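A.B. asks:
Chains as they are written, first to last, in my numbering: chain A, 1 to 334; chain B, 1 to 286.
1. Which residue or residues does DSSP assign as beta-bridge partners of residue 136(B)?
2. What's the gap between the Cα of residue 241(A) and the Cα of residue 45(A)?
3. On a Cα-Cα basis, can you pick out the residue from 133(A), 213(A) and 86(A) that is closest to residue 105(A)?
4. If you draw a straight line from the alpha carbon of residue 320(A) to that of residue 248(A), how long is it in whole angstroms?
5. What residues of chain E sit near residue 110(A), judged by a beta carbon separation below 7 Å?
6. Closer than 9 Å, CB to CB, is residue 100(A) near chain B or not?
7. Starting from the Cα of residue 90(B), find the closest Cα among 112(A), 23(A) and 201(A) and give me that residue.
8. Taking residue 110(B) as part of the alpha helix (DSSP H), name the residues at either end of that continuous run.
9. If we ignore side chains and look at the alpha-carbon of each, how far apart do residue 124(A) and residue 133(B) end up?
10. For the stretch 201 to 221 of chain A and the stretch 66 to 77 of chain A, state whether three or more C-beta atom pairs, one from each stretch, are separated by less than 8 Å.
11. Express the C-alpha separation of residue 85(A) and residue 314(A) in angstroms, rounding to a whole number.
12. For the alpha helix (DSSP H) containing residue 48(A), list its first residue and its last residue.
13. Thinking C-alpha only, which one of 22(B), 69(B) and 186(B) is nearest residue 47(B)?
14. DSSP has residue 118(B) in a bridge; who is on the other side?
15. Counting pairs of Cβ atoms below 8 Å between the stretch 4 to 12 of chain B and the stretch 38 to 52 of chain B, do you hit three or more?
16. By a C-beta neighbour count over all protein chains shown, 10 Å radius and 16 as the cutoff for buried, is residue 54(A) buried or exposed?
17. Could you have a look at residue 178(A) and say whether DSSP puts it in helix, strand or coil?
18. Can you pull the chain B neighbours of residue 203(A), defined as C-beta to C-beta under 8 Å?
19. Does the Cβ of residue 179(B) have 16 or more other Cβ atoms within 10 Å, making it buried, or fewer, making it exposed?
20. So residue 65(A) packs on residue 215(A), CB below 8 Å; how close in whole Å?
21. Can you tell me the Cα-Cα spacing of residue 312(B) and residue 20(A), whole angstroms?
22. For chain B, find out if any of its Cβ atoms is closer than 9 Å to the Cβ of residue 125(A); answer yes or no.
23. Going by C-alpha distance, which of 130(B), 73(B) and 282(B) is nearest residue 2(B)?
24. If I'm right that residue 217(A) touches residue 170(A) with Cβ under 8 Å, what's the distance once you round it to whole angstroms?
25. For residue 141(A), count neighbouring C-beta atoms within 10 Å of its own C-beta (all shown protein chains included) and say buried if the count is 16 or more, exposed if not.
26. Compare the Cα-Cα distances from residue 56(A) to each of 106(B), 74(B) and 95(B) and report the closest residue.
27. Taking 9 Å as the threshold (beta carbon to beta carbon), is residue 49(A) in contact with chain B?
28. Rounded to whole angstroms, what is the Cα-Cα separation between residue 93(A) and residue 189(B)?
29. DSSP three-state label for residue 281(B), please.
30. Can you list, in chain order, the stretches of the alpha helix (DSSP H) that have 4 or more residues and sit fully within the stretch 173 to 231 of chain A?
31. Would you identify the three-state DSSP class for residue 144(A), choosing helix, strand or coil?
32. Would you call the CB atoms of residue 247(B) and residue 18(B) closer than 9 Å?
33. Counting pairs of Cβ atoms below 8 Å between the stretch 198 to 211 of chain B and the stretch 61 to 75 of chain B, do you hit three or more?
34. From this set, 108(A), 138(A), 147(A) and 294(A), which residue's C-alpha is nearest residue 59(A)'s C-alpha?
35. In chain order, what residues of the same chain lie with their CB nearer than 8 Å to the CB of residue 275(B), ignoring the 5 residues before and after it?
36. Helix, strand or coil: which one does DSSP assign to residue 74(A)?
Dropping the structure here:
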């Protein structure tokens, strides 16, 4: 019953086929690069949605994991000069992300949920400073330029399909996770933590596992981000990166998985568009101000984002009472 | 004056500044369970408004006054429009205050531009005095004095006035306060505006101490305040004071001896407290 419209495999297949056709319709390198970055940001935001939308915990340091991925690819590839070590680098990043998630989660999730927001923020700042100060290892404020990536990735069309496949696999994986008994427990924690606790579940363990999965996925996205950019610098640990994930998830639709993909597309293209206009209208340089206002309006009045709101409208038309009450209940989440 | 004493005094001065931010954050959280992620941005707004008025009128006192009023107004609007409709919904409150942080920070860049702005000390507070035959900047002494005054003032407010009693009771059990016929929501608004006003006041006082302002000033100082309230115990007034002093002193010493790891030490201290006594050094286990 749930999400017939958007989680329907047929619908998904249609979108996938349409995206597969893009390189054959347009060979614009600019467009393909934009779409690749949309796909990577979409995976990053989906991993954030697992925390925010499905577990109900607010991280303000999600970029820690993204940055870990980005730096481990950048550092390993540039230090060894072996482009083929990319998969090893991503593996290291994933393991590292899992360990860091465990440490941060253990410190903060034991206490109060609000501690988690504060402490993730503090750790993100710590990683930012480490990446800046430990310059012999990370290249300091300049970062690492000209990361040599496998030649395979230099072909934009090939990279496009890799990124698309990555997005599709990660979407299916996370959908599998949230629909599994484990994912159902996470959603139960989101709805009523005390009740889950009193049913005998170890809530802390579930939250930790959710954070670890989310961190690992974000690290993979970060690793491929360096492959796309061919450089990495302290920006990957900046607060703005976490804000990206927040904006994309909130705008697209919290707790929908597909929403963050839509959000990533909307935000990336809108950002590009506003930046290109800002040469004419200088006030558009403050594009984040407009996104901030949009973000507040959505949190206050459309707590389910673009996708959730459309989905509710659609269901409501169908006149299904069950769906309406279901959506009302979900409204209480955010 | 020995180097150690000098660093110690500098640490107390820094601690006073952090305290001005932390006390509002801590009280607001203790009373209404809201962690205000825009608190640092209010600090920055206070500093910028204070600087603008100071430059326009030449009076530092007027600058402090204007900055504080700006903070109170921002805090009051924030509580009324964005926090109040969402009491009981922590996720929405956290997300909204972060959104406000983005807007307030971008607003500063829009009004005053993204670059550094110099903030000179007022003439009366410039220069040095000799402490134990070594020079020490007057402005630092002024900062320490302000921190002490606020500490005593808030302490008296909390322990000696009717509102203070209501606030402390509200931290313990807001529903009971409401049941006793007190409009607890109005107390919430007042404390929110008061906390924001203190942060903005702290911003103006901190300005000349930093020497210059940048739009991201709020975030950096807010992080210190977060670490302070985790260490001292959230919602705990003496804890906020002790934590500020501790972090101020440790950061000053680290900045002198091992500048690269100053932040790491603060985070490490927070981690230790979280493992050893998650409710904070002076916190009470509930």
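Ideal placement from N, C-alpha and C gives every residue a C-beta, glycine not left out.
Owing to the predicted nature of the structure, the values given are computational and were not obtained by experimental measurement.
C.D. replies: According to the data block:
1. 129(B)
2. 10 Å
3. 213(A)
4. In this predicted model, residue 320(A) has a pLDDT of only 47, less than 50, meaning its place in the structure is not dependable enough to derive any value.
5. Here chain E cannot be found, since the structure's protein chains are A and B.
6. no
7. 112(A)
8. 90 to 112
9. 43 Å
10. yes
11. 47 Å
12. 29 to 49
13. 69(B)
14. 212(B)
15. no
16. buried
17. helix
18. Ordered by position in chain B, no residue passes the 8 Å Cβ test against residue 203(A), which lies about 16 Å from the chain.
19. exposed
20. 4 Å
21. Residue numbering for chain B in the displayed model covers 1 to 286; residue 312(B) lies beyond these limits and cannot be assessed.
22. yes
23. 130(B)
24. 6 Å
25. exposed
26. 95(B)
27. no
28. 45 Å
29. coil
30. 181 to 191, 193 to 198 and 203 to 229
31. strand
32. yes
33. yes
34. 108(A)
35. none
36. helix
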